[in-house]
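Residue numbers (this note's numbering): 1100 to 1381. All C-beta atoms, glycine included, are put in the ideal place defined by N, C-alpha and C.
Following this line, the structure appears as structure tokens:
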């Protein structure tokens, strides 16, 4: 998906190292949609799996509609760069178990597109938790230690005001992520608070991943299984590709040489040559 007026579709692939990545291990087939600086995951589950209780007031109808229009606000392209439709993309992806949906945080058209995609997938699969498949919405924008707060709100046990005070949502929640959560609530879908708590992320940043071993058993329940393995070589290559491509664009605009330091990839300062970086697909 790109905004109307863009020259061509441009896919950036990157995965956050948080609990949402565990969902991918259920099945290897996955579809990636959009540009990413962050990640939203739509997981298509069999309804026989244990799921959180959801509101009994659900009508199964969208409550927050997307206001964007294909061909006016955005265009959809397939992997070959040909114009297509959201319905066609969903048709191809509906057999997969995981849909990875990327975003740039300040892209409001992109946020509206996410809502459009959620509604399209739910309407295609169905939102009845009692039979067939259902959709689980996994959001990096909530941390795993507030999962019970999310569940209480979805079940209608607490007000939205209390939900927001207790769940520590990301900046500009009302405009960016509320449409997803409210539609999930109305459809009767579970929502997974997928990110690791910030205090533990900060601990890894300052003291390294081995510092997680000192956490209590309760604290570890909010994290992926330890020991923390760190990013794979493939992940590092994808990260380097995205960063290099971004800097290549800056360099072409400024007509100057760009440099970067990337300690996480184990590289020293490196300059970008004329050759375009390799493209890695998920």
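- Residue 1253 and residue 1324 have their alpha carbons spaced roughly 27 Å apart.
- Following the DSSP letters along the chain, one finds residue 1293 inside the beta strand (DSSP E) bounded by residues 1290-1294.
- If you look at residue 1175, you'll find it in the beta strand (DSSP E) that goes 1173-1176.
- With contacts defined by Cβ atoms closer than 8 Å, residue 1221 and residue 1198 do not form a contacting pair.
- Looking from the CA of residue 1251, the closest CA among 1266, 1237, 1232 belongs to 1266.
- The three-state reading of DSSP puts residue 1235 in strand, counting E and B together.
- Non-local C-beta neighbours of residue 1193 in its own chain, meaning closer than 8 Å and more than five positions away in sequence, comprise 1143, 1220, 1223, 1224, ordered along the chain.
- Just measuring C-alpha positions, the residue of 1304, 1321, 1311 sitting nearest residue 1291 is 1321.
- For residue 1201, the enclosing beta strand (DSSP E) starts and ends at 1197-1202.
- One thing to note: residue 1303 has its Cβ no nearer than 8 Å to the Cβ of residue 1314.
- Each of 1294, 1278, 1293, 1329 was checked against the Cα of residue 1308, and the nearest Cα belongs to 1329.
- Contact between residue 1218 and residue 1282 holds, with the beta-carbon distance rounding to 6 Å and staying under 8 Å.
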